[in-house]
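Residue numbers (the numbering used here), protein chains in the order written: chain A, 0 to 321; chain B, 399 to 696; chain C, 99 to 425. Even for Gly, the Cβ is constructed at its ideal location relative to N, Cα and C. Computed from a prediction, not measured in an experiment: that's the story for all the values here.
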Amino acid sequence: MNRRYLLKKFLQAIITVFAVLIINYFLFRIMPGDPLAMLVRSPSLSEEAKASVAAMFGLDKPWYIQFFVYIKQVFTLDMGTSFIYKKPVLDIIAERIPATLLLTVPAEILAVFFGCYIGMISAWRRGTKSDVLGTGVSMVFYAMPTFWLGILMVTFFSATLGLFPTSGMMTTTLGDRSFWAEAGDVVVHLILPVITMALVMLGNYTLVMRNSLTDVLTEDYINTAYAKGHTAKNVLRRHAMPNALIPVTTLITMNLGFTISGALQIETVFSWPGIGRLMYDALQGRDYPLLQGIFLLISICVVGANFLSDILYGYLDPRVKA
Amino acid sequence: MITEGQIPHIKNSFIGSFRVFCKNKMGVLSLIVLLFFIFIAVFGQLLVPYDPQSFGQNGIMEAPSASHVLGTDEMGRDLFGALVSGTRTSLLVGIFGTVISMVVGALIGIVSGYRGGKIDALLMRLTDIMLVLPWLPLMLVLAALMGSSIWNIIAVIGLTGWAQTARIIRAQTLSIKERQYIERARVIGSSDFHIIRRHILPDVFPLILADAVTTAACAIDAETTLSFLGMGDITRPSWGMILHYAFESGAASSNAYWYLIPPGLCVLFVVLSFSYIGNAFDEIFNPRLRGRSENGAS
Amino acid sequence: MALLEVTDLHTEFAVGKKTLHAVDGVSFTLEQGESLGLVGESGCGKTTTALSIIKLLPGNAQITSGSILYQGEEVTKKTRKGIRDMRWKEISIVFQGAMNALNPVMTIGDQIADAILLHENLSKEAVKARIAELLERVEIDRKRATNYPHEFSGGMRQRAMIAMALACNPKIIIGDEPTTALDVMVQAQIFDLLERLRRELRMAMILITHDLSAMTDTCDKAAIMYAGKIVEYVRVADLFTEAAHPYTRLLMSSYPRIGSERKMIDSIPGTVPDLTDPPKGCRFCDRCPEAMPICRETPPPEILLPGEHRVSCHLPSLIQKEGAKHV
């Protein structure tokens, strides 16, 4: 990997972030259903409130001033005040981030580990029963609507078997408890959503790993490795996997958008108090400042993750040139 | 020179492709499942004894019985009827969303690959940006702002899903452009439009088709998710919408499996079918995957 | 005792429900330091013959009968471990198209070290010294051991491949079309290098090629293969004067000598027969300009001619030739 490649990818990321800012601006201000205009016209709002909203977004000024106001707000991290929560958007989002991480990080780790393992076995034993089973199960989980799997899990494990709580992050009725009791409570609430999320993401990794390794196994250098006298296991471990893992590794970072989509649905189903559930609530309540803040945050994170994935790719694959 | 003699070749390759497809058991099975759902979407209403929107005269949240094979919902509506009319909405959104996505993607891909230069650079930057944007949040925001009519949802799905297609089509266009007969056509003064229509489009078409199948799976999944999250068209209930009501009415905790399972299974079957057909297409267009021998002896 | 003695080798592929007889009764011997060319069109079983020797066959292929004696030991009866120990250490391969034969994410040095450490217990320094020595032998700067394959030109990659093949001082080196996809100048360089190294290191070589002219400068003996069988086995020195089989003669006429433009071998009309259902008579008869009625009915006899020369053909001029013996 060289400096030119890095610079190029960095510039691309910057351009994309700007594009996201512009798209965001257009979405929330110029569209026919411009929420702020609607808000200002809304009869239920007092004249004072209307004036303050208009002033905050610069609605009384020409569009280029509005755009400038908007850019300034973004860079000062001033995302406005939530309609529902009556608090600064940034604070609300910040409160919710840990919950989302608590859900997605373990789920991602489980999905990557089991997905890669199943994919590896499937490719290695291509065409056998274990391949058909592994690939079939992965395809089913991949094709299943995420939220539906969540609902099924709740119905079966919580409602029918009563093994896990149906929703939320903690049992709130229990009052004061020790830190460990609380942590244990969170873990019990966490199990079902994490498994659901891992299952949903697993399919993607399985299939990518399987395709990648299947391709690698047809390459001539695999034959060379056998000709050298390696055992099948060593060919897989030392020659095939380092090549096959390149696309999978970059997928992990690039998949953040996919992970967020999953989190959005699972947090909704399980009432998990993270960013996803927050977005759902913002959508239901048409809380536009909050919605805009979440959308910006998610988009910028995804762009960042893509940049990270490009760097990782350049680092892992010596063939990458600028 | 391209001569008449090439036409049977194209035909043969089509028949050959069909033969390869028929060898893929999952592909054929999936095609049958898909045709079944299309049949239901078109003629299904004839099978339903009740008006799907009528409620009141039936029991609420009834388990399946002889009069209501899939039970009733929280407002006493017949769920079998809802499922059948949901089939029409879901497939409609899936198909139209895919068509828009394909048209936009193919157009951008072909123009980008054929023109090259600055237009290519610009369009590909745009494509990259679209690829990076998180699709579900973007769709939700768009749907929330544009309003949730079925045509808006189709537009939203179509306009957010074209980027991958554009990439694939561009790459193929680039490789076709280098072929000699294109050069010749250009030398004898064929217009760009003519070259694209007569030479490039026929060659990228199989790829568009293969990609459409994958996109259709995504589109149906997207519609289901949007509707579930409350962004669907309430006048045109889809599978996702049924699940939305099921979830909101607490079907999960009251164990109303008849309310929860059928719509999800329908989505699962349709999306899986599209995926398996996509796999079969992959084998046709990527012969390396076909009859690949097992790994070497050890 | 010959270094390698292959007798009546049969290797078959399972293709769906059919069996493809890729190698169908092949016999040859290879002495220490000797080099043999396996010549023929693609799909004639040359590569399968060579790879059978170290059992480097795809999962659907199997040696069904015959014997392969390497230094007096029966290879077909060896255990998996026995075969693995033999690979590269005793018999190594220079694959075709060195672009993909080298692992793209490992440096050249690491790939050579990978082979050495598999068969020998050497210290880090000793391995490093061996790599430097090997690279210099193939005229690559030792500093380039830290480069990746994509940083090399096509010819350099093939030389690196040769260096890797030499890593464990094998007794036999198999060159599987080692110069495909290289330009003519580089091809000549690679052949010169192979030939020089072979003489210096006293290795035996099996060179698989469809290019007769490439082989004449490099090999001592030639085995011309057609549809899974050796149709003619002859000393290269005698090839141009004594070549007897119609296929050999067609091959020779379809190839101009080195230096002029390459012509593809399909200038012989027709194609290799379907080896899942080979013809019962001579396999070449459909394309043979001298075919007789008997050629379609009976497999040709093997005729031994003076000077280790073997031909399988019905031609009366051969059968009645002076000194000819029938088998």
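Using CA coordinates, which residue listed in A/LEU295, A/PRO317, A/LEU132 and A/LEU307 is at the minimum distance from A/ILE22? The residue you call residue 22 of chain A lines up with position 23 of the first sequence. Answer by Cα proximity: A/LEU295.
Which term fits C/GLN285, buried or exposed, when burial requires 16 or more other beta carbons within 10 angstroms of its beta carbon? Start at 1 with the first residue of the third sequence, and residue 285 of chain C comes out as number 187. C/GLN285 comes out buried.
Distance, C/LEU118 Cα to B/ASP697 Cα: Here chain B covers residues 399 to 696 and nothing more, so residue 697 of chain B does not appear.
Cβ contact (3+ pairs, closer than 8 Å) linking the stretch 138 to 155 of chain A and the stretch 661 to 668 of chain B: Between the stretch 138 to 155 of chain A and the stretch 661 to 668 of chain B there are three or more inter-stretch CB-CB distances shorter than 8 Å, so the stretches are counted as touching.
Kindly say whether C/TYR168, judged by its beta-carbon, lies nearer than 9 Å to any beta-carbon of chain A. Taking the first residue of the third sequence as position 1, residue 168 of chain C is located at position 70. So, not an interface residue.
Per DSSP, C/HIS119 forms a beta bridge with which residues? Here residue 119 of chain C refers to the residue found at position 21 when the third sequence is read from its first residue. C/GLU110, per the DSSP bridge assignment.
So the alpha helix (DSSP H) A/ALA226 belongs to, where does it begin and stop? Within the first sequence, numbered from 1, the residue matching residue 226 of chain A stands at position 227. For A/ALA226, the uninterrupted alpha helix (DSSP H) segment begins and ends at 219 to 227.
Looking at C/CYS380 and C/HIS412, is the spacing between their C-beta atoms short of 9 Å? Stepping through the third sequence from its first residue, residue 412 of chain C is reached at position 314. Stepping through the third sequence from its first residue, residue 380 of chain C is reached at position 282. Cβ atoms of C/HIS412 and C/CYS380: closer than 9 Å.
Can you check whether the C-beta of C/ASP212 is within less than 9 Å of a C-beta belonging to chain A? Walking along the third sequence from the start, residue 212 of chain C turns up at place 114. Look at C/ASP212: its C-beta is under 9 Å from a C-beta on chain A.
Residues that A/LYS86 bridges to, as DSSP identifies them: The residue labelled residue 86 of chain A in the question sits at position 87 within the first sequence. A/LYS86 is not bridged to any residue.
Might you give, ordered along the chain, the residues of its own chain that have their beta carbon closer than 7 Å to the beta carbon of C/VAL370, omitting 5 neighbours on each side? Counting from one through the third sequence, the residue named residue 370 of chain C turns up at place 272. If we look at C/VAL370 and ignore the five residues flanking it on each side, its Cβ neighbours are GLU139, GLY141, CYS142 and ALA325.
Report the partner residues of C/HIS408 according to the DSSP bridge assignment. For the purposes of this step, residue 408 of chain C is identified with residue 310 of the third sequence, where counting begins at 1. At residue 408 of chain C the sequence reads Arg, which differs from the His that was named. DSSP lists C/TYR331 and C/LEU402 as partners of C/ARG408.
For A/ILE194, which residues in chain B fall below 7 Å Cβ to Cβ? Mapped onto the first sequence, residue 194 of chain A falls at position 195. Within 7 Å Cβ-Cβ: nothing; A/ILE194 doesn't reach chain B, min ~16 Å.
Note down, in chain order, all residues in the stretch 207 to 222 of chain A with a beta-carbon under 9 Å from any beta-carbon belonging to chain C. The residues in question are GLU218, ASP219, TYR220, ILE221 and ASN222.
By Cβ distance below 8 Å, which residues in the same chain neighbour C/VAL334 in space, the five residues on each side in sequence not counted? Counted from its first residue, the third sequence places residue 334 of chain C at position 236. So the qualifying residues of the chain are GLY135, MET313, THR314, CYS317, ASP318, LYS319 and ALA320.
For A/VAL268 and A/PHE146, I'd like the C-alpha separation in whole angstroms. For this step, residue 268 of chain A is matched to residue 269 along the first sequence. For this step, residue 146 of chain A is matched to residue 147 along the first sequence. Distance between the alpha carbons of A/VAL268 and A/PHE146 is about 6 Å.
Helix, strand or coil for C/GLY164? Go by DSSP, reduced to three states. Numbered from its first residue, the third sequence carries residue 164 of chain C at position 66. In the structure shown, C/GLY164 sits in a strand (DSSP, three-state: E or B).
Going along chain B, which residues have a C-beta under 7 Å from A/GLN72? Reading the first sequence from its first residue, position 73 is the one you call residue 72 of chain A. Contact of A/GLN72 with chain B by beta-carbon distance below 7 Å is absent, the smallest such distance being about 18 Å.
Any C-beta of chain C under 9 Å from that of A/ASN242: One-based indexing of the first sequence puts residue 242 of chain A at position 243. Chain C contact via Cβ: present.
Check each candidate in A/ALA304, A/PRO164, A/ASN254 and A/LEU307 and name the one with the smallest Cα separation from B/ALA650. Start at 1 with the first residue of the second sequence, and residue 650 of chain B comes out as number 252. Measuring C-alpha to C-alpha distances from B/ALA650 to each of A/ALA304, A/PRO164, A/ASN254 and A/LEU307 identifies A/PRO164 as the nearest.
A/ALA158 touches chain B at which residues, Cβ-Cβ below 9 Å? For this step, residue 158 of chain A is matched to residue 159 along the first sequence. Scanning chain B for C-beta atoms nearer than 9 Å to the C-beta of A/ALA158 yields ALA650, SER651, SER652 and ASN653, reported in chain order.
Tell me the DSSP secondary structure of A/MET78 in three-state form. For the purposes of this step, residue 78 of chain A is taken as the residue at position 79 of the first sequence. Residue state, collapsed to three classes: coil.
Give me, in chain order, the residues of the same chain whose beta-carbon lies closer than 6 Å to that of A/GLN264; leave out the 5 immediate sequence neighbours on both sides. Taking the first sequence and counting its residues from 1, one reaches residue 264 of chain A at position 265. Taken in chain order, the residues that qualify are THR145 and PHE146.
Spatial neighbours of A/THR170 in its chain, beta-carbon cut-off 7 Å, leaving aside the 5 residues before and after: As a first step, residue 170 of chain A must be located in the first sequence, where it is residue number 171. If we look at A/THR170 and ignore the five residues flanking it on each side, its Cβ neighbours are PRO164 and ASP184.
From the DSSP secondary-structure annotation, give me the bridge partner or partners of C/ILE304. The residue you call residue 304 of chain C lines up with position 206 of the third sequence. For C/ILE304, DSSP records a beta bridge to C/LEU134 and C/ILE272.
Using CA atoms only, rank isn't needed, just tell me which of A/ALA226, A/GLY118, A/ILE245 and A/PHE257 is closest to C/ALA148. By one-based count along the third sequence, residue 148 of chain C stands at place 50. Nearest C-alpha to C/ALA148: A/ALA226.
Does the beta carbon of C/PRO202 sit closer than 9 Å to a beta carbon anywhere in chain A? As a position in the third sequence, residue 202 of chain C is number 104, starting the count at 1. At a cut-off of 9 Å, the C-beta of C/PRO202 has a neighbouring C-beta in chain A.
7 Å Cβ cut-off: residues of chain C touching A/HIS238: Sequence index remark: in the first sequence, residue 238 of chain A carries index 239 (1-based). Correct list: ASN201.
Using the rule of at least 16 other Cβ atoms within 10 Å of the residue's Cβ for burial, across every protein chain shown, is A/MET278 buried or exposed? Locating residue 278 of chain A in the first sequence gives position 279, counting from the first residue. Taking a 10 Å sphere around the C-beta of A/MET278, we find 16 or more other C-beta atoms and assign the residue as buried.
Taking Cβ-Cβ distances below 8 Å as the criterion, which residues of the stretch 295 to 318 of chain A are in contact with chain B? For the stretch 295 to 318 of chain A, the residues whose beta carbon sits under 8 Å from a beta carbon of chain B are, in order, ILE297, SER298, VAL301, VAL302 and ASN305.
Would you tell me roughly how many angstroms separate the C-alpha atoms of C/GLY427 and C/ILE366, rounded to the nearest one? Residue 427 of chain C lies beyond the stretch modelled for chain C, which goes from 99 to 425, so this question has no answer here.
On a Cα-Cα basis, can you pick out the residue from C/GLU103, C/PHE111, C/VAL121 and C/LEU101 that is closest to C/LYS327? The sequence position of residue 327 of chain C within the third sequence is 229, counting from 1. A check of alpha carbon separations from C/LYS327 across C/GLU103, C/PHE111, C/VAL121 and C/LEU101 identifies C/VAL121 as the nearest.
Residue(s) in a DSSP beta bridge with C/PHE126: One-based indexing of the third sequence puts residue 126 of chain C at position 28. C/VAL104, per the DSSP bridge assignment.
Please list, in chain order, the residues of the stretch 241 to 267 of chain C that have any C-beta partner in chain A closer than 7 Å. Going along the stretch 241 to 267 of chain C in chain order, one finds TYR246 and HIS248 with a Cβ nearer than 7 Å to chain A.
Please tell me whether A/LEU201 and A/TRP123 are closer than 9 Å, where the distance is taken between their beta carbons. Sequence index remark: in the first sequence, residue 201 of chain A carries index 202 (1-based). Sequence index remark: in the first sequence, residue 123 of chain A carries index 124 (1-based). Not closer than 9 Å, so no.
For the pair the stretch 610 to 625 of chain B and the stretch 492 to 508 of chain B, tell me if three or more CB-CB distances fall below 8 Å. Yes: the two stretches touch, three or more of their Cβ pairs being nearer than 8 Å.
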